[in-house]
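Asker: Using our numbering, the first residue of the sequence shown is number 2, and each one after it goes up by one.
Note that the Cβ used here is the ideal one computed from N, Cα and C, for glycine as well.
Source: prediction; values computed, not measured.
For reference, the structure I am asking about is given below.
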Amino acid sequence: MELLDSRRLTGPNLICPVPGAVIDVEVEDALREQALAVWSDHARALQRSVGWVGEDAGVHIRRFEGGASLVLVAPIDGLYAACEINECAWQRAVAALGGEGPATSAAEDVARLRELVAEESRPRLLDLARRAESVGVTFLWDDDAVSVGTGTGSITWPVDQLPVSDAVAWSEVTDVPTVLVTGTNGKSTTVRMLAAIVKAGGRTPGFSSTDGLWIGNECIDSGDYSGPGGARTVLRERRTDVALLETARGGLLRRGLGVNSANAVALLNVAEDHMGEYGVQVMDDLVEAKFMVRRAVNSDRPIVLNADDPLVVEGARKHLQAPVIWFSLEADNPIVVGHLREGGTACVAEGGYIRYCCGDSRVDVVEICSVPATMNGHALFNIANAMAAVSLAMAIDLPVSVCAAGLQAFQSDPETNPGRCNVFEIGGVTAVVDFAHNAHGMRAFLQIADAMPGGRRLVVIGMAGDRTDEGIREFVQAVWSVQPDCIVLKEMGEHLRGREPGAVLDLMTEELALLGAPSDRVVRAGSEIEATRYALGWARRDDLLLLSVQAERDAVIELLRDLGDSGWRPGEPVSG
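Encoded structure:
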């Protein structure tokens with residue numbers, strides 16, 4: 002038996018709908034049920050010993066392949082203490098099953114834990130939370146700040162300067178429309194498309210993403226803010242009229258939902274990525290984790306789902322009760338057809354238009370070819386992203402005309418949507434930069450190559466070390482399926498994540514050999530920028546370079562721009 006991770010869950014989460022402290026453990030199947038029973042008993046006893054009863058107590062268990070997770074329910078002003086309580090309960094369970102026990106006595110543990118609970122206690126925090134719930138507005142908290150309401154209707158205080166609830170001007174506290182977007186691929190682009198729609202309607206979007214935090218056209222911070230912290234920052238910004246929150250798997254599993262009150266949520270797709278973390282061992286686990294966003298909406302609010310993704314469709318059957326807005330690239334998708342027949346709502350690509358459908362009614366929202374990000378209708382993944390954005394916009398009552406104007410104004414360029422299908426024409430060579438970092442994303446990226454003119458084709462690829470061997474092989478298989486003239490394998494030194502340098506490239510090289518790729522068409526590079534330089538040195542006029550870039554995206558984009566500005570031509574040195 003081994004403790005894998007212990008952490009706070011600050012909101013609704015994969016295992017239960019309330020906050021608590023969770024421990025993930027590795028335990029053999031034969032011992033698992035006995036271990037969970039003993040662990041649960043100790044956890045409940047310790048909860049009682051510190052005075053947590055009723056809604057502040059209880060345990061929730063989730064089993065996964067090779068292990069289990071146990072959430073110890075706790076009040077929000079006791080989550081650090083709850084981690085200590087859960088760890089103490091686990092240690093005592095290990096001792097009861099023949100392992101090494103704690104060095105302290107039960108009485109000593111209880112005294113220490115009571116002291117921790119008392120130190121962490123914040124009665125005003127709990128009072129504000131209860132009052133916000135009774136008023137029907139959002140309550141957000143973290144180690145630094147507490148807020149009620151969202152966006153333009155929010156009030157925020159430092160955590161050590163909380164007022165009594167009666168002193169709050171509750172009549173001035175309101176919530177702005179809030180949207181959550183999750184999925185394996187396409188989250189950032191969909192959020193940015195939706196932000197363009199909101200701006201076209203004359204309102205100020207606040208949005209969080211893997212690239213930073215934005216209020217209107219202003220980037221207030223850069224970096225990966227696709228977790229609960231980024232969401233809170235946007236929701237507390239008094240300029241935010243509409244909050245659009247990219248919601249990644251990592252934040253959901255580490256902390257739970259940062260927001261438990263949204264007007265609409267979307268799940269774009271599910272594909273293998275980041276397996277083996279936080280009890281997500283198989284695809285069914287990953288689907289369940291993505292569907293966690295359903296906890297953010299009331300049963301009468303919609304969830305936007307991809308009818309072309311079999312895992313999403315199956316997950317909806319298992320996990321959903323809320324109303325669904327389906328979107329599909331095929332108007333005759335049987336899920337969509339049946340849904341509309343029953344009076345449901347869907348968004349489809351049909352007759353060259355993105356079409357919004359409710360039962361028997363049909364509205365043409367925008368001509369697909371007029372949306373620049375669709376690359377004249379060839380970038381199917383961006384048509385899907387646009388349909389998701391339209392569905393979400395309609396769910397928060399934005400008009401069709403605004404949806405069209407926003408999508409037509411949205412450019413998939415380095416300024417608007419960096420690293421997402423950015424096209425550079427340099428001296429007769431076409432280079433396309435994209436974030437494609439898994440097999441699902443790579444297939445979508447390569448699909449546009451079929452529609453683009455070009456001579457020879459080169460693909461730059463690499464993967465982070467925390468992907469499974471199977472996931473890395475599938476990624477390589479996706480690339481070789483288009484038979485590129487050259488494949489450059491890039492080392493991702495910043496993302497080795499437990500693997501030795503060169504190990505991922507060795508695995509990719511081996512898989513390419515098994516697939517029959519000639520060795521003279523495979524090149525290795527020490528970094529993304531080195532791989533890009535090689536690609537440009539290899540290129541001739543009319544060649545197409547497909548550059549999968551993550552860690553050094555900004556440097557690669559800067560290099561391509563500098564070469565374009567300088568009038569570079571194939572065969573010339575790649576300077577800059």
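1. Judging by CA-CA distance, which residue of Y535, V314, Q448 is the nearest neighbour of K491?
2. To the nearest angstrom, how far is the alpha carbon of G251 from that of R570?
3. Have a look at the DSSP bridge pairing and note the partners of K491.
4. State the beta-bridge partners of V305 as determined by DSSP.
5. Mind checking which residues open and close the beta strand (DSSP E) that includes W655?
6. On the criterion of 16 or more Cβ atoms from any shown chain inside 10 Å, does A38 qualify as buried, or is it exposed?
7. Comparing C-alpha positions only, which one of T139, V149, V266, K200 sits nearest to V180?
8. Restricting to Cα atoms, I'd like to know which of K188, R255, R498, E66 is closest to A437.
9. What residue from F292, D128, R255 has the CA that sits closest to G280's CA?
10. Near E368, what residues of its chain come up, given a Cβ to Cβ distance below 7 Å and the 5 sequence neighbours on each side ignored?
11. With Y279 as the anchor, note down where its alpha helix (DSSP H) starts and where it stops.
12. Under a three-way DSSP split, which group does I86 fall into?
13. Under 7 Å Cβ to Cβ from E66, same chain only, skipping five residues before and after it: list those, please.
14. Given that a residue counts as buried once 16 or more other Cβ atoms are within 10 Å of its Cβ, and exposed if not, what is N377?
15. Quick check on this structure: which residue in P76, E88, E85 has the alpha carbon closest to the alpha carbon of R125?
16. Hey, out of D451, F446, E495, A532, whose CA is closest to C487's CA?
17. Using CA atoms only, rank isn't needed, just tell me which of P159, V243, D167, R113 is closest to S135.
18. Between which two residues does the alpha helix (DSSP H) carrying C370 extend?
19. Could you pull out every residue in the same chain whose Cβ sits closer than 7 Å to the Cβ of V28, ignoring the five residues on either side in sequence?
20. Exposed or buried, which one is V54 when buried takes at least 16 other CB atoms within 10 Å?
21. With DSSP collapsed to three states, give me the class of V74.
22. Can you check the region 420-471 for any beta strand (DSSP E) of at least 3 residues that lies completely inside it and give the ranges in chain order?
23. Taking all protein chains shown into account, do 16 or more other C-beta atoms lie within 10 angstroms of the C-beta of V23, making it buried, or fewer, making it exposed?
24. Among V51, H379, V575, S50, whose alpha-carbon lies nearest the alpha-carbon of W539?
25. Of the residues G420, M443, H441, which one's Cα is nearest the Cα of D435?
26. Are the beta-carbon atoms belonging to L98 and N87 less than 8 Å from one another?
27. With a threshold of 8 Å, are at least 3 pairs of Cβ atoms found where one atom belongs to the region 288-304 and the other to the region 319-333?
28. From M194 to C17, what does the alpha carbon distance come to, in whole angstroms?
29. Do T185 and V271 count as a contact pair if the criterion is CB distance below 8 Å?
30. Among I62, T417, G257, whose alpha-carbon lies nearest the alpha-carbon of A44?
31. When you compare only the Cα positions, how much space is there between L506 and E512?
32. Cutting at 8 Å between CB atoms, please list the residues of its own chain near R131, excluding the five before and the five after it.
33. So the candidates are A389, E121, G466; which of them puts its Cα closest to the Cα of V160?
34. Checking 8 Å against the spacing of the C-beta atoms, do M453 and L546 come in under that value?
35. Would you mind working out which of A445, E426, G213, L258 sits nearest R296, comparing C-alpha positions?
36. My parser needs the beta strand (DSSP E) runs of 3 or more residues fully inside the region 519-564; what are they?
Answerer: Taking the coordinates as given:
1. Here the closest residue by C-alpha is Y535.
2. Taking the straight line joining both Cα atoms gives about 42 Å.
3. Looking at the DSSP assignment, K491 forms a beta bridge with A526.
4. DSSP lists A267, I326 as partners of V305.
5. No information on residue 655 is available, as it lies outside the stretch 2 to 577 that the chain covers here.
6. The residue in question, A38, is exposed, as its Cβ has fewer than 16 Cβ neighbours within 10 Å.
7. That would be V266, whose Cα lies nearest to the Cα of V180.
8. Ranking K188, R255, R498, E66 by Cα distance to A437 puts K188 first.
9. Checking every option, the nearest Cα to that of G280 belongs to R255.
10. G353, Y354.
11. Careful: Y279 lies outside any alpha helix (DSSP H) and carries neither H nor E.
12. Of the three classes helix, strand and coil, the one that applies to I86 here is helix, per DSSP.
13. Same-chain partners within the cutoff: Q282, V283.
14. Around the Cβ of N377, a 10 Å sphere holds fewer than 16 other Cβ atoms; the residue is exposed.
15. The candidate whose alpha carbon is nearest that of R125 is P76.
16. Nearest Cα to C487 within the set D451, F446, E495, A532: A532.
17. Comparing Cα-Cα distances from S135 to each of P159, V243, D167, R113, the minimum goes to D167.
18. Taken as a continuous stretch (DSSP letters only), C370 belongs to no alpha helix (DSSP H), as it is neither H nor E.
19. Here V28 has M2, A36, G68, A69 as same chain residues with Cβ atoms under 7 Å from its own Cβ, once five neighbours each way along the sequence are excluded.
20. Residue environment for V54: exposed (fewer than 16 other C-beta atoms within 10 angstroms of its C-beta).
21. Strand at V74.
22. Listed in chain order, they are 423-427, 430-435, 458-462.
23. Under this definition V23 is a buried residue.
24. Checking every option, the nearest Cα to that of W539 belongs to V575.
25. Scanning G420, M443, H441 for the CA closest to the CA of D435 turns up G420.
26. No, the pair does not count as a contact, with Cβ atoms beyond the cut-off.
27. The region 288-304 is in contact with the region 319-333.
28. Distance between the alpha carbons of M194 and C17: 32 Å.
29. In contact: V271 and T185 (Cβ atoms closer than 8 Å).
30. Checking every option, the nearest Cα to that of A44 belongs to I62.
31. Cα to Cα, L506 sits roughly 10 Å from E512.
32. S166.
33. Distance check between V160 and each of A389, E121, G466 places E121 closest, using alpha-carbon atoms only.
34. Remark: C-beta atoms of M453 and L546 do not approach each other more closely than 8 Å.
35. Closest by alpha carbon: L258.
36. Within the region 519-564, the complete beta strand (DSSP E) segments of 3 residues or longer fall at 523-526, 545-549, listed in chain order.
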